[in-house]
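J.: As given, the protein sequences belong to chains A and B, one line each in that order. Numbering-wise, the numbering used here puts 104 at position 74 of the first sequence, and it's gapless, one number per residue. Numbering-wise, the numbering used here puts 230 at position 200 of the second sequence, and it's gapless, one number per residue. Ideal placement from N, C-alpha and C gives every residue a C-beta, glycine not left out.
Number of protein chains: 2
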Amino acid sequence: MSDMTSTADAPRSPGRPRSIRADEAIIEATLDLLAEGSTIEALSIEAIAARAGVGKATIYRRWAGKDALLLDALRRLKGVLAQPAGHSVRDDLVLLVGAIGKNVDPRAPKIMPCLASAVNRDSDQFQLYQNIISPRRQLMREVLRRGIDEGVLRGDIDLEVTMALLTGPMLIQRVLQWNPDLDEQTLPERVVDAVLQGIQVR
Amino acid sequence: MSDMTSTADAPRSPGRPRSIRADEAIIEATLDLLAEGSTIEALSIEAIAARAGVGKATIYRRWAGKDALLLDALRRLKGVLAQPAGHSVRDDLVLLVGAIGKNVDPRAPKIMPCLASAVNRDSDQFQLYQNIISPRRQLMREVLRRGIDEGVLRGDIDLEVTMALLTGPMLIQRVLQWNPDLDEQTLPERVVDAVLQGIQVR
DNA sequence: GCGTTACGAGTCTGACCCGTATCGTATTGC
DNA sequence: GCAATACGATACGGGTCAGACTCGTAACGC
Numbered sequence: 031m032s033d034m035t036s037t038a039d040a041p042r043s044p045g046r047p048r049s050i051r052a053d054e055a056i057i058e059a060t061l062d063l064l065a066e067g068s069t070i071e072a073l074s075i076e077a078i079a080a081r082a083g084v085g086k087a088t089i090y091r092r093w094a095g096k097d098a099l100l101l102d103a104l105r106r107l108k109g110v111l112a113q114p115a116g117h118s119v120r121d122d123l124v125l126l127v128g129a130i131g132k133n134v135d136p137r138a139p140k141i142m143p144c145l146a147s148a149v150n151r152d153s154d155q156f157q158l159y160q161n162i163i164s165p166r167r168q169l170m171r172e173v174l175r176r177g178i179d180e181g182v183l184r185g186d187i188d189l190e191v192t193m194a195l196l197t198g199p200m201l202i203q204r205v206l207q208w209n210p211d212l213d214e215q216t217l218p219e220r221v222v223d224a225v226l227q228g229i230q231v232r
Numbered sequence: 031m032s033d034m035t036s037t038a039d040a041p042r043s044p045g046r047p048r049s050i051r052a053d054e055a056i057i058e059a060t061l062d063l064l065a066e067g068s069t070i071e072a073l074s075i076e077a078i079a080a081r082a083g084v085g086k087a088t089i090y091r092r093w094a095g096k097d098a099l100l101l102d103a104l105r106r107l108k109g110v111l112a113q114p115a116g117h118s119v120r121d122d123l124v125l126l127v128g129a130i131g132k133n134v135d136p137r138a139p140k141i142m143p144c145l146a147s148a149v150n151r152d153s154d155q156f157q158l159y160q161n162i163i164s165p166r167r168q169l170m171r172e173v174l175r176r177g178i179d180e181g182v183l184r185g186d187i188d189l190e191v192t193m194a195l196l197t198g199p200m201l202i203q204r205v206l207q208w209n210p211d212l213d214e215q216t217l218p219e220r221v222v223d224a225v226l227q228g229i230q231v232r
C-alpha cells in the first residue's frame, strides 16, 4: 500500500540503502506527537521531521504525503487479536470486551479519540478502521455462536445487536470517557454479566 | 459566557446597533461548514466570514476568537430533552435510546463525530459535553429507577452500567458507524429488548 | 575509487491563515 | 445635521506549512 512494501522483494540496490532507523524514527515521532495531544491535521511533516531528527526529504522519499504516512503509522497501533481460551463463554466474552480499545502500544488510548472524526470523513480511513475491527467482531461472533451451540445462549438472539451491546459500553468509555464515574477496570465483567442476565425481573 | 450576553441588558446604544442577521449568519455558516466536512481546526474565521457574507471584523467584534465562536455555535446543537411518556418503562427507554445523538438540527449527526477528539483533549469542551449529556443520563436513570420501583426491573442491577449498556450501542453506531450493517432505525428497540431480556438461556 | 543512492540540514516559493487596521457606507439617538 | 457605532470589503504584517530543491556527507556495489 505504501512505498515501503517494495523493500520486501529488494531486486538490487545500487546506492546507499534506506535507513531502517529513519523509518522507525519517523513512525515513532508521528505516534509520539499524536499521543502528546496533537490532532491529526495539526500534525505537520516539518514537526515530524524535527522530532524524528530527520530531514523532510527523507520523509517525502518514503511517503507521498501526510495521509500515507499516517496510514502506515496507525497500522502500528492495531495490535494483536486477543485469543479466547474457549472454555467458558462468559470468560471469553469478558476477555474480548476487555480487549476493546486496548492495544499493545501504550500511546493508543491517547490517539484513538482523535481518529473518531477522521473515520467519518475520510472513506480510506473508514475502510482502514473497518479492516481492523471486523476480525475482532468476527472473533466475538464466533464465541457467541459457540455459546448458542453449547446451549448457554439463547438461539433467537440477534448476533449483531448483541455484539453492539457488548462493544458499545466499553468503546464509549474508552474513547469518549462517556461517564467519568464508571470504573473502566471492572467494566468488561459487569457489562458481560448484565448482557447475559438481562435487567428484567424474571 | 460570550460577548453576546451583554446584548441582553442593553443599557444604551449610541450608534448603529449590531445586526441580528449577522449574528445568525455567522453561527449558521459555522455549523454549515462543519456539517460539510470541515474539521474544527481546519475551520478558519476567514472561511466563516466569507460563507456568512460578513467581514472578518464583524466576527471579531462579537467573539474573542474561534473557540468562543465555536462554543456558542455548538450550543445551538444540543436540542431539547426527550420527554418520556411515563407509561411503559420499555417504551420510555426506547424513546431515550432513540434520542441519543439525535438533535433538532439535521446537521448535528455530521458534526458530532468531529467533537469526539476535542472532548478528550480540551477540558473546557469536555465539561461542556458532560453538561449536555448529564441531564440526559439523569433522565434515563430516573426511568430505570421507576422500573425498579414498579417491579419491572430487578433491584440488584447497577444503574450506571445499565445506562452504558443502553447508550453505548446507539452512540458507537451514530458517531462511529461502528457496524455499517446494523440498521440504525430499529436499533433502539432491539437494544432495549436485548438488555431487558438478556441473552442467556433461562 | 567511482557511480549511485541516501542522509540531515537547510533554503525557497507559494499557499493559507490570524488578528488588526482602514476604507467608504449605513443606521441609530439626539 | 452630527457624533457614534455598525456594516462589508480589503490591505497589512506576521506566522506556519507544503513540497521541491540544494548543499556537503555517508554508505553501498562493483
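So what does DSSP say about A:L196, is it helix, strand or coil?
T.: helix
J.: Let me make sure I understand the geometry here. Which of A:N133, A:I57, A:L99 has the alpha-carbon closest to that of A:Q155?
T.: A:L99
J.: Under 9 Å, do B:V231 and A:G116 count as touching if we go by C-beta distance?
T.: no
J.: Let me check one thing: in DSSP terms, what residues is A:Q155 bridge-paired to?
T.: Paired residues: none, contrary to the question.
J.: Is any beta-carbon of chain A found at less than 9 Å from that of B:T88?
T.: B:T88 does not count as touching chain A.
J.: Taking A:V191 as the reference, give the member of A:R220, A:L61, A:V205, A:L174 with the closest Cα.
T.: A:L174
J.: Indicate whether B:M170 and B:M200 have their beta-carbon atoms separated by less than 9 Å.
T.: no
J.: Report yes if the C-beta of B:I70 is less than 8 Å from at least one heavy atom of the ligand SAM; otherwise report no.
T.: Although the ligand SAM was asked about, the structure shown includes no ligands whatsoever.
J.: Taking 9 Å as the threshold (beta carbon to beta carbon), is A:Q60 in contact with chain B?
T.: Here residue 60 of chain A is Thr; the residue named in the question, Gln, does not match the sequence. Not one chain B Cβ lies under 9 Å of A:T60.
J.: Closest to B:G67 by CA distance: which of B:V119, B:A138, B:A55, B:A52 is it?
T.: Nearest of B:V119, B:A138, B:A55, B:A52 to B:G67, Cα basis: B:A138.
J.: To the nearest angstrom, how far is the alpha carbon of A:R51 from that of A:K96?
T.: The straight-line gap from Cα to Cα measures roughly 19 Å.
J.: For B:S36, would you say it is in contact with chain A, using Cβ-to-Cβ distances shorter than 9 Å as the test?
T.: Summary for B:S36: the model assigns pLDDT 41, below 50, so the residue's position carries little reliability, and this model does not support an answer.
J.: Taking Cβ to Cβ, would you say A:T197 is nearer than 9 Å to B:R151?
T.: no
J.: Cutting at 7 Å between CB atoms, please list the residues of its own chain near B:V149, excluding the five before and the five after it.
T.: Q155, F156, Y159
J.: Suppose the cutoff is 7 Å on Cβ atoms and the five residues either side in sequence are ignored; what does the same chain contact list for A:V84 look like?
T.: A52, A55, I56
J.: By how many angstroms is the C-alpha of A:R220 removed from the C-alpha of B:A59?
T.: 44 Å
J.: Given that a residue counts as buried once 16 or more other Cβ atoms are within 10 Å of its Cβ, and exposed if not, what is B:Q203?
T.: buried
J.: Using a C-beta to C-beta distance shorter than 7 Å, which residues of chain B count as neighbours of A:S153?
T.: Neighbours of A:S153 on chain B: none; closest Cβ ~11 Å, over 7 Å.
J.: Using 10 angstroms around the beta-carbon of B:S164, count the other beta-carbons present and answer buried if the total reaches 16, otherwise exposed.
T.: exposed
J.: With distances taken from CA atoms, which of A:I178, A:I187, A:D179, A:L107 is nearest A:A65?
T.: A:L107
J.: Could you name each continuous alpha helix (DSSP H) segment of 4 residues or more that falls completely within the segment 31-99 of chain B, going from the start of the chain to the end?
T.: 36-39, 50-65, 75-82, 86-90
J.: Contact between the segment 110-129 of chain A and the segment 209-227 of chain A is defined here as three or more beta-carbon pairs at a separation below 8 Å; is this criterion met?
T.: The segment 110-129 of chain A, when compared against the segment 209-227 of chain A, does touch it at the 8 Å Cβ threshold.
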